[in-house]
Amino acid sequence: MSLEPFLAVFVITQFRKHLKNDGLLTKWDRYINIGYFIAIGIFVFGVSFDHGEKLTTVVSHLFFLGVVISPYYIEDLKSGKQLAFALIPYAIAGLIQDVLEKWFPTFYNNHDNMIQSLVVFSLIWAFSLWLLSRKQTKALENERKQRFAEQEQNRMMAAMKVNLESEVKERTAELTKQTEELQLALSELKSTQAQLIQSEKMASLGELTAGIAHEIQNPLNFVNNFSEVSIELLEELKEEVLDKLPDDVKEDAGDIINDITQNLSKINQHGKRADAIVKGMLQHSRATTGKKEPTDINALADEYLRLSYHGLRAKDKSFNAGMKTSFDPDLGKIEAIPQDLGRVLLNLFNNSFYSVTEKKRVLGDGYDPTVTVNTKKVKSPQGVSMVQITVEDNGIGIPQKVLDKIYQPFFTTKPTGQGTGLGLSMSYDIITKGHGGELKVETAEGEFARFVICIPVGNVAQS
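Reminder that position 46 of the sequence shown reads as 46 in full-length UniProt numbering, one-by-one numbering, no gaps.
1) Out of curiosity, what's the CA-to-CA distance linking residue 97 and residue 88?
2) In whole angstroms, what is the alpha-carbon distance linking residue 219 and residue 235?
3) With a floor of 4 residues, list each alpha helix (DSSP H) that falls wholly inside the region 74-107, ordered by position along the chain.
4) Which of the three DSSP states, helix, strand or coil, is assigned to residue 245?
5) Let me know if residue 343 comes out buried or exposed under the rule of 16 or more other beta-carbons within 10 Å of its beta-carbon.
6) Is it true that the region 384-397 meets the region 343-358, where meeting means three or more beta-carbon pairs spaced less than 8 Å apart?
7) Find out if the Cβ-Cβ distance for the pair residue 11, residue 84 is shorter than 9 Å.
8) Of the residues 75, 91, 368 and 77, which one's Cα is nearest the Cα of residue 62?
9) My guess is that residue 258 and residue 227 are in contact by the Cβ rule of under 8 Å, so how many angstroms apart are they, rounded?
10) Between the region 333-340 and the region 373-380, are three or more C-beta pairs nearer than 8 Å?
11) Which one of 446, 427, 433 and 273 has the shortest CA to CA distance from residue 452?
12) Pairs of beta-carbons, one from the region 400-407 and one from the region 430-449, closer than 8 Å: are there three or more?
13) Please classify residue 382: does DSSP put it in a helix, a strand, or coil?
14) Under the DSSP definition of a beta bridge, which residues are partnered with residue 388?
15) Between which two residues does the beta strand (DSSP E) carrying residue 402 extend?
16) Would you mind sorting residue 73 into buried or exposed? The rule is 16 or more other CB atoms within 10 Å of its CB.
17) Helix, strand or coil for residue 212? Go by DSSP, reduced to three states.
18) Considering residue 297, what are the terminal residues of the alpha helix (DSSP H) in which it resides?
19) Count the C-beta pairs between the region 106-125 and the region 16-28 that are closer than 8 Å, then say yes if the count reaches three, no if not.
20) Classify residue 333: buried if its beta carbon has 16 or more other beta carbons within 10 angstroms, exposed otherwise.
21) Quick one: is residue 352 buried, meaning 16 or more other Cβ sit within 10 Å of its Cβ, or exposed?
22) Within 10 angstroms of the Cβ of residue 472, are there 16 or more other Cβ atoms? Answer buried if so, exposed if not.
23) Just mark residue 153 as buried or exposed, buried being the case when its beta carbon has 16 or more other beta carbons within 10 Å.
24) If we count Cβ pairs, one from each stretch, closer than 8 Å, do we get three or more for the region 165-173 versus the region 118-126?
25) With a Cβ-Cβ cutoff of 9 Å, do residue 314 and residue 369 count as a contact?
26) Can you tell me which residues form a DSSP beta bridge with residue 393?
27) Between residue 437 and residue 197, what straight-line distance do the alpha-carbon atoms span, to the nearest angstrom?
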């Protein structure tokens, strides 16, 4: 019995491994099993029936040759071509040897040595190529493992890259958040610094104003008191002495007494007005309590409008401007901080008078400088009742390019030395933070400027 059935089983087993590695075993598993059964059947038949040995040998050689050359005809078995190439010479040589030995014994005996050498050579050929194939297979396996290791390393590197990118993004987000917090803290620090500077300046100004006002108040009291006493004495003089005078001087004396009385009345009137201004200065310079109280907005606006006007007149005798007021008589009193609100109004009035004065200086007598103040009740878009105070002038206006900066501390449109840049910043904080309202501006450069204060009414105390 020849070795071909066992070699066929070996070759089929190798094909099975190749198909498994290529992922094709499921497709060919049935045919692989059939090949096993055929090889086993040939072996069993050859062992069991001696009279069929010649036929079994030929069939065995033909089956083995068919198995060996199958990779050249079946595409899915191409991985086994190297093994087939090694065994094809032996399969052919073995088939020739058995055919000659069984059916052509004379020829076989005459050429026995040559045929045996051919079979041996084919075996050496098969063994050599098998060893070479094993080395190549191992090299390919090592290469595959190395490639798999590189792929695994690349996968790990990609995973690490994703993790690093994620950590970088998280760290960047954290740093961005910290930067925003620092910027917010810096902004709050700058705001606090500006408020402290403004508070210091206002405190110094308040102390100076209070000192001047106190010094002025004493002589004003003397003027007012002595003017009233002098008027009373003139009335007594007129009653007691005038009737006793001769007729030729009685009329002249009466006229003189009347003129003196009128002059003293004017002195007393303007002295009381000066006294009211001094009291307003004292109230303005007084430190705010921060507590809201029922406040007559109309009276407050009128008082500070005139305080601003007369204060500027005292500095510049040539200053003059028209004033128009339209106060809502039904406004009543609202909860507000009068000292703070007065500072806002005084600042807005001073700015308006400055604006019309500058425009007057350019246009001359053909221009009529006017500052208009209005108060009325309005409704916010949310339906909240509010008091609206409008301060408008027909002066030089505000350039559009600086509108976004006018509430910033230390920003001013006035020439150097004429403005601190703190007035509107202070006013904005008082209205928005101190009273929960809003301060808006509408302007056209060279034509007008209109500041609109809106304060929630809160608890209203009708007068």
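All C-beta atoms in this analysis are idealised placements derived from N, C-alpha and C, irrespective of residue type, glycine included.
So, from the listed chains and residues:
1) The residue labelled residue 97 in the question sits at position 97 within the sequence shown. The residue labelled residue 88 in the question sits at position 88 within the sequence shown. Computed Cα separation, rounded: 14 Å.
2) Position 219 of the sequence shown, counted from the start, is the residue given in the question as residue 219. Position 235 of the sequence shown, counted from the start, is the residue given in the question as residue 235. Roughly 24 Å between the two C-alpha positions.
3) Runs of alpha helix (DSSP H) with 4 or more residues, each lying fully within the region 74-107, are found at 81-103, listed in chain order.
4) Along the sequence shown, read from residue 1 onward, the residue named residue 245 stands at position 245. Looking at residue 245 - three-state DSSP - the assignment turns out to be coil, as it is neither helix nor strand.
5) In the sequence shown, counting from the first residue as 1, residue 343 sits at position 343. By the 10 Å Cβ count, residue 343 comes out buried.
6) Two segments are said to touch when three or more pairs of C-beta atoms, one from each, lie closer than 8 Å; by this definition the region 384-397 touches the region 343-358.
7) Looking up residue 11 in the sequence shown gives position 11. Looking up residue 84 in the sequence shown gives position 84. One thing to note: residue 11 has its Cβ within 9 Å of the Cβ of residue 84.
8) Within the sequence shown, numbered from 1, the residue matching residue 62 stands at position 62. Nearest C-alpha to residue 62: 91.
9) Position 258 of the sequence shown, counted from the start, is the residue given in the question as residue 258. Position 227 of the sequence shown, counted from the start, is the residue given in the question as residue 227. Not quite, the Cβ-Cβ distance comes to about 15 Å (not below 8 Å), so this is no contact.
10) no
11) As a first step, residue 452 is located in the sequence shown; it is residue number 452 there, counting from the start. Comparing Cα-Cα distances from residue 452 to each of 446, 427, 433 and 273, the minimum goes to 427.
12) yes
13) Numbered from its first residue, the sequence shown carries residue 382 at position 382. DSSP places residue 382 in coil when its eight states are reduced to three.
14) Taking the sequence shown and counting its residues from 1, one reaches residue 388 at position 388. Residue 388 pairs with 376 and 454.
15) Mapped onto the sequence shown, residue 402 falls at position 402. Careful: residue 402 lies outside any beta strand (DSSP E) and carries neither H nor E.
16) Residue 73 sits at position 73 when you count from the first residue of the sequence shown. Classification for residue 73: exposed.
17) The residue labelled residue 212 in the question sits at position 212 within the sequence shown. Helix at residue 212.
18) Walking along the sequence shown from the start, residue 297 turns up at place 297. Run containing residue 297: 297-315, per the alpha helix (DSSP H) assignment.
19) no
20) One-based indexing of the sequence shown puts residue 333 at position 333. Under this definition residue 333 is a buried residue.
21) As a first step, residue 352 must be located in the sequence shown, where it is residue number 352. The residue is buried, with at least 16 neighbouring Cβ atoms inside 10 Å.
22) Residue 472 is absent from the model: the chain starts at 1 and stops at 463.
23) Looking up residue 153 in the sequence shown gives position 153. That one is exposed.
24) no
25) Taking the first residue of the sequence shown as position 1, residue 314 is located at position 314. Taking the first residue of the sequence shown as position 1, residue 369 is located at position 369. No, the Cβ-Cβ distance between residue 314 and residue 369 is not below 9 Å.
26) Within the sequence shown, the letter at position 393 stands for residue 393. Paired residues: 371 and 449.
27) Here residue 437 refers to the residue found at position 437 when the sequence shown is read from its first residue. Here residue 197 refers to the residue found at position 197 when the sequence shown is read from its first residue. Approximately 23 Å between the Cα atoms of the pair.
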